[in-house]
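A short write-up of the structure that comes next.
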Amino acid sequence: MSFEEKKSLLFSSLQTAEQSIGSDSVLHQNVNETDYSLVSSAKTRQKPIRVDRYLGRESIFKRPNAPIGQCLKRSNLPDYKRNPHKWIKYTLEDVDTSDRSNTAAAFTFLKQMEEQREATAETQDDGAEREGQLQVVRFNRSVRLRSQLREADEPVETPTEDRPQFNGRRVLMPEYVVGQKDPKRVKRTKDQRKAGSVVAGKGAELHLDHLMEEEEQDEDVDNDA
35 MSFEEKKSLL FSSLQTAEQS IGSDSVLHQN VNETDYSLVS SAKTRQKPIR
85 VDRYLGRESI FKRPNAPIGQ CLKRSNLPDY KRNPHKWIKY TLEDVDTSDR
135 SNTAAAFTFL KQMEEQREAT AETQDDGAER EGQLQVVRFN RSVRLRSQLR
185 EADEPVETPT EDRPQFNGRR VLMPEYVVGQ KDPKRVKRTK DQRKAGSVVA
235 GKGAELHLDH LMEEEEQDED VDNDA
């Protein structure tokens, strides 16, 4: 098939394809509206600013000072080659050493370190044992425990109604009410305890004064006789 025949077949197929497309297709619509995005982008394109004319002039903008590492040029030459008078070269060519002697020296060093570590551990253990022997165990009673012990030492005053009563040969137990709680005992403060002790002391003094008055009366009667 020649080139002319191929071209005629191609154009004939294009015509048949155009006829097969419907009238409501997008291809038949005439696009008269312009694409403003392309126009705006074309207008916004500006020419690059040439900065060649500003070369060599002092800029009005301040630039931060670069660190000293960036200002100085790095030299690939090491310092011991650049300044050999500052360095001393040591060699072990004249020393008679071998791998066996090096390993022996390393093992002796490790053994010394291990012995030193064990000695320090033993001294620490001895110090801990001595501290444990010297420490005395002391039991300190708290304030709450003391108050509880004092309350336990105080006699509990039970009312006569709660005590069992003897009636001839029978023992009458107190009446028990379901749901009723026992009356709480009123705690006595330190001031009340001191006041009670003072009152008891005064009563003893009055009782002794009474005895003294009786003795004086007896002496007066003897004198009159």
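Okay, so the sequence shown: first residue is 35 according to the working numbering, each after it adds one.
The beta-carbon is built from N, C-alpha and C at its ideal position, and this holds for glycine as well.
Which of helix, strand or coil DSSP assigns to residue i
i, result
"R203", "coil"
"I102", "helix"
"S42", "helix"
"G116", "Position check: residue 116 holds Arg in this sequence, whereas Gly was assumed. In the structure shown, R116 sits in a helix (DSSP, three-state: H, G or I)."
"Q182", "helix"
"Y210", "coil"
"S36", "coil"
"S132", "coil"
"E127", "coil"
"K107", "coil"
"R84", "coil"
"S47", "helix"
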